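Enquirer:
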Amino acid sequence: MDTGSDLVWFPCSPFECILCEGKYEPSATFPPPKIPKNSTVKCKSPSCTAVHNSHSSSDLCAMAKCPLETIEISDCSSFSCPPFYYAYADGSFVAQLHKLSLTVPTSSSPALVLKDFTFGCAHTALGEPIGVAGFGRGLLSLPAQLATVSPQLGNHFSYCLVSHSFNPEKVRRPSPLILGRYDEEEKRIGDKKADFTYTNMLENPKHPYLYSVGLAGITVGKRNIPAPAFLKRVDRKGNGGMAVDSGTSFTMLPASLYDSVVAEFDRRVGRAHERAAEVEETTGLSPCYYYDEKVFEVPVVALHFVGNNNNSKLKSSVVLPKRNYLYEFLDGGDEGLRKKRRVGCLMLMNGGDEKELRGGPAATLGNYQQQGFEVVYDLDNRRVGFAPRQCSLLWERLSKSNR
1 MDTGSDLVWF PCSPFECILC EGKYEPSATF PPPKIPKNST VKCKSPSCTA
51 VHNSHSSSDL CAMAKCPLET IEISDCSSFS CPPFYYAYAD GSFVAQLHKL
101 SLTVPTSSSP ALVLKDFTFG CAHTALGEPI GVAGFGRGLL SLPAQLATVS
151 PQLGNHFSYC LVSHSFNPEK VRRPSPLILG RYDEEEKRIG DKKADFTYTN
201 MLENPKHPYL YSVGLAGITV GKRNIPAPAF LKRVDRKGNG GMAVDSGTSF
251 TMLPASLYDS VVAEFDRRVG RAHERAAEVE ETTGLSPCYY YDEKVFEVPV
301 VALHFVGNNN NSKLKSSVVL PKRNYLYEFL DGGDEGLRKK RRVGCLMLMN
351 GGDEKELRGG PAATLGNYQQ QGFEVVYDLD NRRVGFAPRQ CSLLWERLSK
401 SNR
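Note that the UniProt record's numbering has the sequence shown beginning at 1, numbered continuously upward.
1. Kindly examine the ligand NAP and report whether one of its heavy atoms sits closer than 8 Å to the Cβ of M252.
2. Kindly indicate which three-state DSSP category L393 falls into: helix, strand or coil?
3. Measuring alpha carbon to alpha carbon, tell me which of G238, V343 and S107 ends up nearest residue 408.
4. So, helix, strand or coil for C48, using DSSP?
5. Between which two residues does the alpha helix (DSSP H) containing P143 stretch?
6. What three-state label does DSSP hand I189 in the structure shown?
7. Does DSSP put S56 in a helix, a strand or coil?
8. Using the Cα positions of E186 and A125, report the straight-line distance between them to the nearest angstrom.
9. Is it the case that the Cβ atoms of V51 and G136 are separated by a distance below 9 Å?
10. Going along the chain, which residues of its own chain have a beta-carbon closer than 6 Å to the beta-carbon of H304, five neighbours each way excluded?
11. Kindly indicate the opening and closing residues of the beta strand (DSSP E) around Y327.
12. Might you give, ordered along the chain, the residues of its own chain that have their beta carbon closer than 7 Å to the beta carbon of M201, omitting 5 neighbours on each side?
13. For the pair the region 98 to 105 and the region 64 to 78, tell me if three or more CB-CB distances fall below 8 Å.
14. Do P33 and C12 have their C-beta atoms within less than 9 Å of each other?
15. Are at least three pairs of beta-carbons, each pair with one atom in the region 320 to 332 and one in the region 225 to 241, less than 8 Å apart?
16. In three-state DSSP terms, what is E203?
17. What distance in whole Å lies between the Cβ atoms of A95 and F84, which are believed to be in contact at a cut-off of 8 Å?
18. Helix, strand or coil for F265, going by three-state DSSP, please let me know.
19. Can you tell me the Cα-Cα spacing of V41 and K115, whole angstroms?
20. Given this structure, state the Cα-to-Cα distance separating N204 from L139, to the nearest angstrom.
21. Cα-Cα, which of G241, L179 and L146 is closest to F157?
22. Among the residues of its own chain, which have a CB less than 6 Å from the CB of S286, if the five just before and after it don't count?
23. Which first and last residues belong to the alpha helix (DSSP H) in which G154 is found?
24. Can you tell me the Cα-Cα spacing of P31 and C160, whole angstroms?
25. Among the candidates H55, F93, S77 and E356, whose CA atom is the shortest distance from the CA of W9?
26. Which of the three DSSP states is assigned to A363 in this structure?
27. Buried or exposed for R389, please, with buried defined as at least 16 other CB atoms from any protein chain shown within 10 angstroms of its CB.
28. According to the Cβ coordinates, are K44 and S5 closer than 9 Å?
29. Beta-carbon separation of V375 and S249 under 9 Å?
30. Count the other CB atoms within 10 Å of the CB of E297; is the residue buried (16 or more) or exposed (fewer)?
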């Protein structure tokens, strides 16, 4: 699932994935389905306009090769929506829009039936072998379509990401995804009682499908580093704010804020630990440090969002666990020439300067920094909330209650 995307799509038979070697391909276990040709969405459908973004209905009819007289005097009702191209940071695909009936089982009531569930059917992809469930704010996202039959289910969802593991031999438990509201006390079983910290969603006129929020600043240790003004709001051109994106791995900060955070982190850590320059060069991570003690002591990092009433002077603070911003591993031991040493690297990324960020969000909150939190998207109240959770325990609790 991806909160930075507003489309549900999956591979359809026949399916070709280019440059997918080494990536997980479920086609051997779950072969791509064959979708009926008569289920394609029509040219004049709002869904067709939405997936093609800025194209007008007449443009779409022309793309579908409608005769000129048909475009001028009819609604092109007999022509299918043209194929569309969709790109991510690390892959892309070409698909056609279809609609079929979808049955969604629920835990406490009869199953929901979406009679016109709309999705992308891809026959060709580049580096994208498995499809995506878009959970963004767009018309075609899964929550938006669920909300047409059950606003309670579609307008409120949350997820809790279990900790990342870079060890392929380590078994990871699933991360729970919760559609609709759920009893807060049951979710807290096994956890310390923790209320949600909320921040309001900001409207982005250029990227309306994004969950944009305002970032007021970042604390490193005891020093508060204010965020630039453009991170606290989104302007009329869609510039600024921070996008909360489950589909992006690491948090990206504008260069000015990133440099200030790194400088303060290095000021506190660098005076007691050797900088791991070779590790930085080979991994692209920075700053990195060698350490010999069992526990690597680093300053606490906290994110301060604009307050829940959109008052930029009020803050909604989220303290990150160390594992959310520090990657610790063993380096060295190559061919027995070097002794392995413990290394810790800061896991925040430089997103570029303000000029490079124009036309979109100024920062992105990635899933690495979201792990160990239940992140709730409350569309009725237009807010995003964060609460620390033991996600594996939450998964077990929800699984038992739904049996």
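From the three backbone atoms N, C-alpha and C, an ideal C-beta is built for every residue, glycine too. Keep in mind it's a predicted model, so treat the numbers as computed, not measured.
Expert: Looking at the atomic coordinates:
1. This structure simply doesn't include the ligand NAP, nor any ligand for that matter.
2. helix
3. Limits of the chain in this structure are 1 at one end and 403 at the other, which puts residue 408 out of reach.
4. helix
5. L142 to A147
6. Its pLDDT being 48, under 50, I189 is placed unreliably by the model, and nothing is read from it.
7. coil
8. With a pLDDT of 49 at E186, under the threshold of 50, the modelled position of this residue cannot be trusted, and the question is left open.
9. no
10. A216, G217, K315 and S317
11. L326 to D331
12. Y211, S212, V213, R382, R383 and V384
13. no
14. yes
15. no
16. coil
17. 6 Å
18. helix
19. 13 Å
20. 15 Å
21. L179
22. E280
23. P151 to G154
24. 29 Å
25. F93
26. strand
27. buried
28. no
29. no
30. exposed
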